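There are 2 protein chains.
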Amino acid sequence: MAVKKTVASRVVAKTEKPARKVTVAADAQQQILEAVDELFYREGARAVGVDAVVKRAGVNKMSLYRQFESKDALLQAYLVRREERFWQRFDASLAKQPADARLQLVQIFVDLAERAGKPDYRGCPFINVAVEFPERDHPARQAVAANKAQLWKRLHALAIACGAREPKLLANGMAILIE
Amino acid sequence: MAVKKTVASRVVAKTEKPARKVTVAADAQQQILEAVDELFYREGARAVGVDAVVKRAGVNKMSLYRQFESKDALLQAYLVRREERFWQRFDASLAKQPADARLQLVQIFVDLAERAGKPDYRGCPFINVAVEFPERDHPARQAVAANKAQLWKRLHALAIACGAREPKLLANGMAILIE
DNA sequence: TTGTGTTGTTACCGATCGGTAACATTGCTT
DNA sequence: AAGCAATGTTACCGATCGGTAACAACACAA
Numbered sequence: 000m001a002v003k004k005t006v007a008s009r010v011v012a013k014t015e016k017p018a019r020k021v022t023v024a025a026d027a028q029q030q031i032l033e034a035v036d037e038l039f040y041r042e043g044a045r046a047v048g049v050d051a052v053v054k055r056a057g058v059n060k061m062s063l064y065r066q067f068e069s070k071d072a073l074l075q076a077y078l079v080r081r082e083e084r085f086w087q088r089f090d091a092s093l094a095k096q097p098a099d100a101r102l103q104l105v106q107i108f109v110d111l112a113e114r115a116g117k118p119d120y121r122g123c124p125f126i127n128v129a130v131e132f133p134e135r136d137h138p139a140r141q142a143v144a145a146n147k148a149q150l151w152k153r154l155h156a157l158a159i160a161c162g163a164r165e166p167k168l169l170a171n172g173m174a175i176l177i178e
Numbered sequence: 000m001a002v003k004k005t006v007a008s009r010v011v012a013k014t015e016k017p018a019r020k021v022t023v024a025a026d027a028q029q030q031i032l033e034a035v036d037e038l039f040y041r042e043g044a045r046a047v048g049v050d051a052v053v054k055r056a057g058v059n060k061m062s063l064y065r066q067f068e069s070k071d072a073l074l075q076a077y078l079v080r081r082e083e084r085f086w087q088r089f090d091a092s093l094a095k096q097p098a099d100a101r102l103q104l105v106q107i108f109v110d111l112a113e114r115a116g117k118p119d120y121r122g123c124p125f126i127n128v129a130v131e132f133p134e135r136d137h138p139a140r141q142a143v144a145a146n147k148a149q150l151w152k153r154l155h156a157l158a159i160a161c162g163a164r165e166p167k168l169l170a171n172g173m174a175i176l177i178e
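These protein sequence lines map, in sequence, to chains A and B. Following numbering that gives the first Met the number 0, the numbering of the first sequence begins with 0 at its first residue and continues without gaps. Following numbering that gives the first Met the number 0, the numbering of the second sequence begins with 0 at its first residue and continues without gaps.
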């Protein structure tokens with residue numbers, strides 16, 4: 000808890016050093032992930048530099064690069080976290096309307112619309128990453144494509160479950176809407 | 000038409016220079032605008048450098064900077080062109096269903112869905128620019144905001160024209176959908 | 001021919017950014 | 001106390017990018 004002021008007690012004279020803050024690796028990683036989660040989403044993964052990330056996370060740049068191989072790896076971790084929360088919300092919407100696929104689909108869009116109305120909403124994070132990184136072979140793009148494919152699969156299953164005559168067409172339309 | 004090969008005829012010896020191609024300013028400007036229109040949309044205004052633009056346009060970098068003050072000015076020109084075409088398409092959709100506001104609204108989304116299905120569709124160019132440039136006071140963001148406001152106004156007018164009970168709410172929903 | 005204005009070419013500058021080396025500092029174990 | 005592993009700090013590198021100066025090459029008019 001209490002930080003030992005070793006340096007300060009040793010050098011009582013002038014030019015007091017600003018007390019190094021030390022963070023264990025696991026904590027640093029967590030703080031970095033939270034900083035990235037907010038900064039990458041709000042200001043764009045491309046626009047935000049690693050310096051801004053470490054400043055926001057309150058850690059050192061080397062602490063970042065000892066936890067993550069590169070900024071791309073950081074972007075991957077960001078996408079993984081976003082993906083987890085995405086499906087959490089998805090399943091939460093489904094859980095509100097148990098055993099009725101049609102209502103479940105409606106619920107998904109109701110919840111989505113509610114989130115889209117919030118002032119800090121900046122659109123789908125996956126689409127944003129896809130917009131910011133046009134290189135089609137970029138590793139981040141694969142994560143985005145995977146999310147999109149998975150989403151389509153689940154929408155398609157729901158469309159079938161509620162007896163749509165054209166489940167594929169319906170899934171296509173809904174996927175575009177969610178994007 | 001025929002380019003005079005002055006240099007080639009003068010130096011018959013070795014190391015033949017690759018024949019400078021000269022372009023008048025007006026043509027250069029047009030070629031630059033077309034290159035920007037495609038590159039900025041397909042690969043993102045932030046990801047595309049001026050070198051890529053001049054290479055695509057087939058002109059020299061100085062020719063670009065003699066026509067446009069900066070890359071931001073280029074981005075502005077790009078947005079102006081996109082805005083013009085946006086309203087052209089908007090009015091074209093309206094013209095398909097004269098004198099019936101409800102059908103006009105439907106037609107807008109029908110045409111939009113058709114465009115969104117094309118493989119080279121990369122979403123709304125204004126939204127993409129907004130995603131790529133998170134600085135809220137960036138000049139390009141004002142153009143985007145202006146387009147959004149204008150769109151809302153026209154949607155609102157249409158919503159009133161077709162007798163919606165909640166025209167503002169309807170305009171909000173449709174604006175989000177188009178985005 | 002000789003200017004004169006326009007365009008092409010090159011080479012460069014300064015800033016930014018991702019990433020790293022090297023060392024100082026700290027906490028923990030023995 | 002002494003050593004060791006982990007962390008913080010600084011300074012730096014190389015690449016990229018927007019932008020510019022300076023000059024060479026050209027077209028055209030007088």
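Built from N, CA and C at the ideal position, the CB exists for glycine as well. Bear in mind that the values here come from a model prediction, so they are computed numbers and not experimental data.
Fully contained in the stretch 80-128 of chain B are the following alpha helix (DSSP H) runs of length 4 or more, in chain order: 100-116. Against chain A, the CB of I177 (chain B) has no partner CB under 9 Å away; the residue lies outside that interface.
In this chain, the alpha helix (DSSP H) harbouring H155 (chain B) covers 138-160. What G43 (chain A) touches in chain B, judged by beta-carbon distance under 7 Å, is V130, E131, P133, going in chain order. About 4 Å separates the beta carbons of L78 (chain B) and A142 (chain B), which is inside the 8 Å limit, making them a contact pair. Between the alpha carbons of L102 (chain B) and A129 (chain B) lies a distance of about 31 Å. For V23 (chain B), there is no enclosing alpha helix (DSSP H), since its DSSP letter is neither H nor E. A139 (chain A) places its beta carbon 9 Å or farther from that of A34 (chain A). With fewer than 16 other beta carbons inside 10 angstroms of its own, Y120 (chain A) counts as exposed. Note on geometry: alpha-carbon atoms of N127 (chain B) and F39 (chain B) lie some 10 Å from one another.
Under the three-state reduction of DSSP output, G43 (chain A) falls in the coil class, being neither helix nor strand. Separation of the CB atoms of A174 (chain A) and L150 (chain A) is rounded to 6 Å, and the pair is thereby assigned contact status at 8 Å. Here V53 (chain A) has N59, K60, L63 as same chain residues with Cβ atoms under 7 Å from its own Cβ, once five neighbours each way along the sequence are excluded.
Burial state of E131 (chain B) is buried, judged by a 10 Å Cβ sphere holding 16 or more other Cβ atoms. Using a Cβ-Cβ cut-off of 9 Å, I107 (chain B) does not count as an interface residue toward chain A, since no Cβ of chain A sits closer than that to its own. Contact of N127 (chain A) with chain B is assigned, a C-beta pair being separated by under 9 Å. Residue burial annotation: V23 (chain B) is exposed, with fewer than 16 other C-beta atoms found within 10 angstroms of its C-beta.
Around A46 (chain B), the beta-carbon contacts reaching into chain A at under 9 Å are R45, E131, F132, P133, E134.
In chain order, I175 make up the part of chain B whose C-beta sits under 8 Å from the C-beta of A115 (chain A). Apart from the 5 residues on each side of it in sequence, R84 (chain A) has no Cβ closer than 8 Å to any other Cβ in its chain.
Contacts with chain B at 9 Å (Cβ-Cβ) do not include R84 (chain A). Residue state for N59 (chain A) is assigned as coil, using DSSP reduced to three classes. Residue contact with chain B for A112 (chain A): present (Cβ-Cβ distance below 9 Å to some residue of chain B).
Ranked by Cα distance from K147 (chain A), the first of A:A160, A:E178, A:R164, A:A163 is A:E178. The contact set of G162 (chain B) on chain A, defined by CB atoms closer than 9 Å, is empty, because the minimum CB distance reaches about 23 Å. Buried is the label assigned to V47 (chain A), since at least 16 other Cβ atoms lie within 10 Å of its Cβ. The beta-carbon of R121 (chain B) is placed less than 9 Å from the nearest beta-carbon of chain A. Any Cβ of chain B closer than 9 Å to the Cβ of G57 (chain A) would place that residue at the interface, and such an atom is absent. The shortest CA-to-CA distance from R80 (chain B) to any of B:V105, B:E42, B:P124, B:D136 is the one to B:P124. Judged by DSSP secondary structure, P166 (chain B) falls within the alpha helix (DSSP H) whose first and last residues are 166-177.
Distance from the CA atom of I31 (chain A) to the CA atom of V21 (chain A), rounded to whole angstroms, is 14 Å.
About 12 Å separates the beta carbons of C161 (chain B) and L93 (chain B), which is beyond the 8 Å limit, so they are not a contact pair.
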